[in-house]
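All residue numbers for the sequence shown refer to numbering that gives the first Met the number 0, where the first residue is 0 and numbers rise by one. Note that the Cβ used here is the ideal one computed from N, Cα and C, for glycine as well. Predicted model only: the values in this text are computed from it and were never measured. Report on the following structure.
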Amino acid sequence: MPDWQADILMYHSISDAPGPTSIAPDIFAAQMQALAASGLPVVTPDALANPPGRRVVIISFDDGFADFADTAWPILRDHGFCPIVYLPSGLMGSTDSWAGGNIPPRPLMGWDKVEALAGEGVCFGAHSVSHPDLSTLGPEALEEEVTGSGQDIAARLGQPIRHFAPPYGASNNSVLRQIAQHYDTSVGTRLGAAGPGDNIHDLPRLEMFYFTDIPRWKAYLAGRGKTYLAARKMMRGVRAMVRGKSW
0 MPDWQADILM
10 YHSISDAPGP
20 TSIAPDIFAA
30 QMQALAASGL
40 PVVTPDALAN
50 PPGRRVVIIS
60 FDDGFADFAD
70 TAWPILRDHG
80 FCPIVYLPSG
90 LMGSTDSWAG
100 GNIPPRPLMG
110 WDKVEALAGE
120 GVCFGAHSVS
130 HPDLSTLGPE
140 ALEEEVTGSG
150 QDIAARLGQP
160 IRHFAPPYGA
170 SNNSVLRQIA
180 QHYDTSVGTR
190 LGAAGPGDNI
200 HDLPRLEMFY
210 FTDIPRWKAY
220 LAGRGKTYLA
230 ARKMMRGVRA
240 MVRGKSW
């Protein structure tokens, strides 16, 4: 299929915690209800090798927060949606105490919960071992973080781990080469819908904090969200330029 679009939704915590990486449970439920009503097929990253339609949706979660199991999964399961959850393998059962984590820290799932969810059909991917900025690491540490995380999860679940997400979306050519050696796909934090012209190991996603307004989300699902998405991309670009400017 030469032309396709994959809207890869990016979530972290489904809770009332402060900050843009948390989405309130009622908003998440409304987003999923709108997605169900749209009729768009919801798939896992495995389907990108041969998308079942010209437009598909992937629901992704970074970090493996405990509220995924308690709050998000029951909603997803009721709709028959299979998400992918990217895990920092060395931190399961701990908290998001890494740089940029929440204050107060939010708990992550333990391995027992991960194993139970895998048995219910949840797809899991790797998100490094210790949640560092991979672009700052030397070759040996990069190898351990990228390959080690997938190996850790595979050993726990007894199945291969084919998909990756670098923490913070931080990557460079060395990081992307390392990922490509071990995984079929990888997603970042670059804003946009994925398509055949994108690097399969550096796929853009939709930050769902931008779609907490449900009518706007419904409009996007109906194919009327290009202007809004373009405006968000432009604002992100301006903020990046300001942060990088030397005064």
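Please name the residue in Q150, S129, T70 whose C-alpha comes closest to that of L90. Comparing C-alpha distances from L90 to each of Q150, S129, T70 shows the shortest one belongs to S129.
Using CA coordinates, which residue listed in D25, A71, D62, V145 is at the minimum distance from T94? Closest by alpha carbon: D62.
For K225, count the other beta carbons within 10 Å of its own beta carbon; 16 or more makes it buried, fewer makes it exposed. Which is it? With fewer than 16 other Cβ atoms within 10 Å, it is exposed.
Cβ neighbour criterion (16 or more within 10 Å) applied to M240: Per the 10 Å Cβ criterion, exposed.
Which whole-angstrom value is the C-beta distance of L68 and L116, which I expect to be below 8 Å? One detail in the question is off: residue 68 reads as Ala in this sequence, not Leu. A68 to L116, Cβ: 6 Å. Contact.
When the Cβ atoms of the region 211-229 are set against those of the region 146-165, are three or more pairs found closer than 8 Å? These segments do not touch.
So the candidates are I26, D197, R189; which of them puts its Cα closest to the Cα of M233? Out of I26, D197, R189, R189 has the C-alpha closest to the C-alpha of M233.
Closest to F104 by C-alpha separation, out of F208, S14, G196, N198, would be which residue? For the record, residue 104 in the displayed sequence is Pro; it is not Phe. Measuring C-alpha to C-alpha distances from P104 to each of F208, S14, G196, N198 identifies S14 as the nearest.
When you compare the CB positions of G124 and F163, do they come within less than 7 Å of one another, or not? At the C-beta level, G124 and F163 come within 7 Å of one another.
So, is T135 buried or exposed, given that buried needs 16 or more other C-beta atoms within 10 angstroms? Counting Cβ neighbours within 10 Å, T135 comes out exposed, since fewer than 16 surround it.
Any beta-carbon of chain D closer than 7 Å to the one on A125? Among the chains of the structure shown, chain D does not appear; only one protein chain is present.
DSSP state of Q158 mapped onto helix, strand, coil: Coil, per DSSP.
So, for Q177: in the same chain, excluding its five sequence neighbours on each side, which residues have a beta-carbon less than 6 Å away from its beta-carbon? Within the same chain, Q177 has close Cβ partners L141, V145.
Can you find the residues in the same chain that come closer than 6 Å, C-beta to C-beta, to L228, ignoring five residues on each side of it along the sequence? If we look at L228 and ignore the five residues flanking it on each side, it has no Cβ neighbours.
M0 versus V55 - alpha carbon distance: The predicted position of M0 is uncertain, since its pLDDT is 46 and thus under 50; no value can be drawn from it.
With a CB to CB cut of under 7 Å and the five nearest residues on each side skipped, what residues in its chain are close to S12? Short of 7 Å from the beta carbon of S12, and not among the five residues preceding or following it, lie these beta carbons of its own chain, in chain order: T20, S21, F64, D66, R105.
Tell me whether G187 is buried or exposed, calling it buried when 16 or more other Cβ atoms sit within 10 Å of its Cβ. Within a 10 Å sphere around the beta-carbon of G187 sit 16 or more other beta-carbons, which makes this residue buried.
L205: buried (16+ other C-beta within 10 angstroms of its C-beta) or exposed? Counting other Cβ atoms within 10 Å of its Cβ, L205 reaches 16 or more and is therefore classed as buried.
In terms of DSSP beta bridges, what is V41 paired with? V56, per the DSSP bridge assignment.
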